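Q: In terms of the numbering used here, the sequence shown opens at residue 297 and continues consecutively.
Beta carbons: idealized from backbone N, C-alpha and C, even for Gly.
The structure displayed is predicted, hence computed values, not measured ones.
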Amino acid sequence: MALQGVGVGRGVAVGPVKKMPDPLPEPGTDPRTADAALEYDGVLKALSAVAADLTARGEKAGGEAKDVLDAQSLMAQDPTLTDDVKARIDDGRTGERAVHEAFAAFQDLLIGMGGYMAERATDLGDVAQRVIAALRGVPAPGVPESDTPFVLVAPDLAPADTALLDLDKVLALVTRDGGPTSHTAILARSKSIPAIVGVTGALDLVDGTVVVADAASGVVTVDPSPDEVAEAEKRIADRAAAAAAPLTDGALADGHAVPLLANLGAPAEAAGAIELGAEGVGLFRTEFLFLGNSSAPTVESQTSSYTALLEAFPGKKVVVRALDAGADKPLSFLNDAHEENPALGLRGLRALRVKEDILRDQLTALAAAQAATTADLWVMAPMVSDAEETEYFVTLGRELGLKTVGVMAEVPSLAVLADQIFASADFVSVGTNDLTQYTMAADRMLGSVAAYQDPWHPAVLRLVKSLGDAGAAAGKPVGICGEAAADPLLAVVLVGLGATTLSMTPAALADVRLELSRYTLDQARELATAAVAATTAAGARAAAEAVTV
Ligand code: PEP
Ligand code: MG
Numbered sequence: 297m298a299l300q301g302v303g304v305g306r307g308v309a310v311g312p313v314k315k316m317p318d319p320l321p322e323p324g325t326d327p328r329t330a331d332a333a334l335e336y337d338g339v340l341k342a343l344s345a346v347a348a349d350l351t352a353r354g355e356k357a358g359g360e361a362k363d364v365l366d367a368q369s370l371m372a373q374d375p376t377l378t379d380d381v382k383a384r385i386d387d388g389r390t391g392e393r394a395v396h397e398a399f400a401a402f403q404d405l406l407i408g409m410g411g412y413m414a415e416r417a418t419d420l421g422d423v424a425q426r427v428i429a430a431l432r433g434v435p436a437p438g439v440p441e442s443d444t445p446f447v448l449v450a451p452d453l454a455p456a457d458t459a460l461l462d463l464d465k466v467l468a469l470v471t472r473d474g475g476p477t478s479h480t481a482i483l484a485r486s487k488s489i490p491a492i493v494g495v496t497g498a499l500d501l502v503d504g505t506v507v508v509a510d511a512a513s514g515v516v517t518v519d520p521s522p523d524e525v526a527e528a529e530k531r532i533a534d535r536a537a538a539a540a541a542p543l544t545d546g547a548l549a550d551g552h553a554v555p556l557l558a559n560l561g562a563p564a565e566a567a568g569a570i571e572l573g574a575e576g577v578g579l580f581r582t583e584f585l586f587l588g589n590s591s592a593p594t595v596e597s598q599t600s601s602y603t604a605l606l607e608a609f610p611g612k613k614v615v616v617r618a619l620d621a622g623a624d625k626p627l628s629f630l631n632d633a634h635e636e637n638p639a640l641g642l643r644g645l646r647a648l649r650v651k652e653d654i655l656r657d658q659l660t661a662l663a664a665a666q667a668a669t670t671a672d673l674w675v676m677a678p679m680v681s682d683a684e685e686t687e688y689f690v691t692l693g694r695e696l697g698l699k700t701v702g703v704m705a706e707v708p709s710l711a712v713l714a715d716q717i718f719a720s721a722d723f724v725s726v727g728t729n730d731l732t733q734y735t736m737a738a739d740r741m742l743g744s745v746a747a748y749q750d751p752w753h754p755a756v757l758r759l760v761k762s763l764g765d766a767g768a769a770a771g772k773p774v775g776i777c778g779e780a781a782a783d784p785l786l787a788v789v790l791v792g793l794g795a796t797t798l799s800m801t802p803a804a805l806a807d808v809r810l811e812l813s814r815y816t817l818d819q820a821r822e823l824a825t826a827a828v829a830a831t832t833a834a835g836a837r838a839a840a841e842a843v844t845v
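See the structure below:
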């Protein structure tokens, strides 16, 4: 028997199922007997203990998990919720019941909003369970203890559980709920644990049943045959060997080099990326340095940040992007006007051009860092629409002393005009996140249209192909720096379409490196041809998978 879900990553695991214990029983509706003020005081103490515990878990886990747990800790201290709890206690409920009802009402609200917000409802439910457990003086329900490794099966996992998973014991995660943007998925990706989310029937699995959890296909095989186990074990061994092998540069099976670069948002992330074999940086998102600033950063402060980054990559390529402010990343000193559709507004290069002083300062700081270090600095502009904007940016960059200047392909018009862009650009880097958003007219922040946000769509792939073809004709590089480069099979397709480098979140480097090594350039092109001929995103993936090598 096989259960289907949505796989996260490329991992595979074999092992016995262990289910998450059931949630605490719902608090009863008996009226409160204790004094209201005392009862409320107890709840406040429990809330602050839970908040402190979540913060401490965040500190211990670090990274992305810390952000998620900090957000949960804030939920436990949300004044709207505590006011609601108080009102319910005043109304005659016990503290436990009041917490249960107030959090459930808030969860319903989030679920009603759909998409990303609905997936946060799980996080809130987990906070409620922790508070009720604290009030009862019992341990909060969590990941089961075990001396031997297991596949963890749960309705959904709370961030507090996923963040501190014992990676020696939990072989894989299988959840009934959750989509590709749930925290289970995000954290599993960052910890490289194979995960399959949205598996109908997952909770019918019985403890001890052996399963093969294959994230690459999203399939959970129940009671696998000896052959199925052997095949999974071979794949596990291959991945382990690839991860343990000395880090090699990215290359196809025929030796064709495909440099594997890292997407970074702060100089401090450089060391981790290098450890995972990043050959340089393909996208440094400078706006992340200044998200909280109310005024434009000075040339001096920027020079020191960029110098710190470049010093970590002596002799290596580092692609830095000019400030990409707007939509989900507003910078008050660049975008101060209200816009109905900020994703279609004055953002990226458009905003920088209006405030050219800020752009000049940034490029000046980058040129100073370039002069002070041995890294090979490339600088690019975000959200560029055509050849005129390209020429504007490249000319300004050169005037201010930058050696290599290019643009990102995120707006479909730029890809449509690909052949004109290389007249001035030294290189193009494809931002597949925005290119997909704009090609498919699907807001990347909106869960309800997440299905359209798929870079496998042949419309997106065809635009990448025209950029790849134009780059080849001009003899200039075309890199990929959107999330698409982190999908191993899609990475092969992108190379087949003409991508010369791939840049991604460092956690994805090993899987992409391994997948590339399985195909020659001719085979990658065969996969690409099959994918662009498909009519849907799913069809393109299936067509690429069907090409046997
Ligand atoms: C992209 O759009 O693909 C990209 C890499 O830029 P960001 O995700 O920062 O918008
Ligand atoms: Mg972008």
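Less than 8 angstroms between the beta carbons of Leu560 and Leu798, yes or no?
A: Taking 8 angstroms as the Cβ cut-off, Leu560 and Leu798 do not qualify as a contacting pair.
Q: If you follow the beta strand (DSSP E) that Val515 is part of, which residue opens it and which one closes it?
A: Unbroken beta strand (DSSP E) run through Val515: Val515 to Val518.
Q: Exposed or buried, what is Val434 when buried is set at 16 or more other beta-carbons lying within 10 Å of its beta-carbon?
A: Result: exposed.
Q: Rounded to the nearest angstrom, how far is the Cβ of Ala562 from that of Thr603, given a contact under 8 angstroms?
A: The pair is not a contact, with the Cβ atoms about 14 angstroms apart (cut-off 8 angstroms).
Q: Taking the alpha-carbon of Thr351 as reference, which of Thr686, Glu335 and Ser369 has the nearest alpha-carbon?
A: Cα-wise, what sits closest to Thr351 is Ser369.
Q: When DSSP labels each residue in this structure, what does Arg306 get in the three-state scheme?
A: If DSSP states are grouped into helix, strand and coil, Arg306 belongs with coil.
Q: Mark Lys761 as exposed unless 16 or more other C-beta atoms lie within 10 angstroms of its C-beta, in which case mark it buried.
A: Lys761 should be labelled buried.
Q: Mind checking whether the beta-carbon of Gly764 lies closer than 7 angstroms to any heavy atom of the ligand MG?
A: Result no, Cβ not under 7 angstroms from the ligand MG.
Q: State whether the stretch 769-779 contacts the stretch 743-750, with contact taken as three or more CB pairs (one from each stretch) at a distance under 8 angstroms.
A: With a cut-off of 8 angstroms, the stretch 743-750 and the stretch 769-779 do not count as touching, because too few Cβ pairs lie within range.
Q: Could you have a look at Leu742 and say whether DSSP puts it in helix, strand or coil?
A: Coil, per DSSP.
Q: Reducing DSSP to helix, strand and coil, say where Asp443 ends up.
A: Coil at Asp443, not helix or strand.
Q: Give the list of continuous beta strand (DSSP E) stretches no shorter than 3 residues that lie fully inside the stretch 697-728.
A: Runs of the beta strand (DSSP E) inside the stretch 697-728: 700-705 and 724-726.
Q: Mind checking whether the beta-carbon of Thr669 lies closer than 7 angstroms to any heavy atom of the ligand PEP?
A: Outside the cutoff, so no.
Q: What I want to know is whether the C-beta of Gly778 ends up closer than 7 angstroms to one or more non-hydrogen atoms of the ligand PEP.
A: Correct: Gly778 has its Cβ closer than 7 angstroms to the ligand PEP.
Q: Val845: buried (16+ other C-beta within 10 angstroms of its C-beta) or exposed?
A: Exposed, by the Cβ-count rule.
Q: Just mark Met297 as buried or exposed, buried being the case when its beta carbon has 16 or more other beta carbons within 10 Å.
A: With fewer than 16 other Cβ atoms within 10 Å, it is exposed.
Q: For Pro708, is the beta carbon positioned less than 7 angstroms from some heavy atom of the ligand MG?
A: Result no, Cβ not under 7 angstroms from the ligand MG.
Q: In its own chain, which residues sit with a C-beta less than 8 angstroms from the C-beta of Arg758, not counting the 5 before and 5 after it?
A: Correct list, in chain order: Val828.
Q: So, is Asn637 buried or exposed, given that buried needs 16 or more other C-beta atoms within 10 angstroms?
A: Result: exposed.
Q: Leaving aside the five residues before and after His753 along the sequence, list all residues of the same chain whose C-beta is less than 8 angstroms from its C-beta, in chain order.
A: Excluding positions up to five away in sequence, the list reads Thr732, Thr735, Met736, Thr832, Ala833 and Ala836.
Q: Following a CB-centred definition, is Pro678 positioned closer than 7 angstroms to any heavy atom of the ligand MG?
A: Yes, Cβ of Pro678 sits closer than 7 angstroms to a heavy atom of the ligand MG.
Q: For the beta strand (DSSP E) containing Leu501, name the first residue and the last one.
A: No beta strand (DSSP E) contains Leu501, which DSSP labels as neither H nor E.
Q: Rounding to the nearest angstrom, what Cα-Cα distance links Gly611 and Asp672 in this structure?
A: If I take the Cα positions, the gap works out to 6 angstroms.
Q: Does the beta carbon of Leu469 fall short of 7 angstroms from some heavy atom of the ligand PEP?
A: Answer for Leu469: no, Cβ out of range of the ligand PEP.
Q: Using DSSP with H/G/I as helix, E/B as strand and the rest coil, what is Thr599?
A: Thr599 falls in the helix class under three-state DSSP.
Q: Which runs of the beta strand (DSSP E) at least 3 residues long sit entirely within the stretch 565-641? Give them in chain order.
A: Entirely contained in the stretch 565-641, the beta strand (DSSP E) runs reaching 3 residues are, in chain order, 576-581 and 613-617.
Q: Below 7 angstroms CB to CB, which residues in the same chain sit around Ile428 once its five sequence neighbours on both sides are set aside?
A: For Ile428, where only same-chain residues beyond five positions count, the Cβ hits under 7 angstroms are Leu320, Pro323, Glu392, Val395 and His396.
Q: Between Asp730 and the ligand MG, is the CB less than 7 angstroms from at least one heavy atom?
A: Yes.
Q: Contact between the stretch 339-350 and the stretch 413-431 is defined here as three or more beta-carbon pairs at a separation below 8 angstroms; is this criterion met?
A: Touching, yes.
Q: Kindly indicate the opening and closing residues of the beta strand (DSSP E) around Ala298.
A: Element bounds for Ala298: Ala298 to Gln300.
Q: Say the cut is 7 angstroms; is the CB of Gly408 nearer than that to a heavy atom of the ligand MG?
A: For the ligand MG, not one heavy atom lies less than 7 angstroms from the Cβ of Gly408.
Q: Could you tell me if Gly303 is buried or exposed, where buried requires 16 or more neighbouring beta carbons within 10 angstroms of its beta carbon?
A: When all chains shown are included, Gly303 counts as buried.
Q: Exposed or buried, which one is Ala826 when buried takes at least 16 other CB atoms within 10 Å?
A: Answer is buried; the Cβ neighbour count reaches 16.
Q: Would you mind reading off the limits of the beta strand (DSSP E) that contains Asp672?
A: From DSSP, the beta strand (DSSP E) with Asp672 extends over Asp672 to Ala677.
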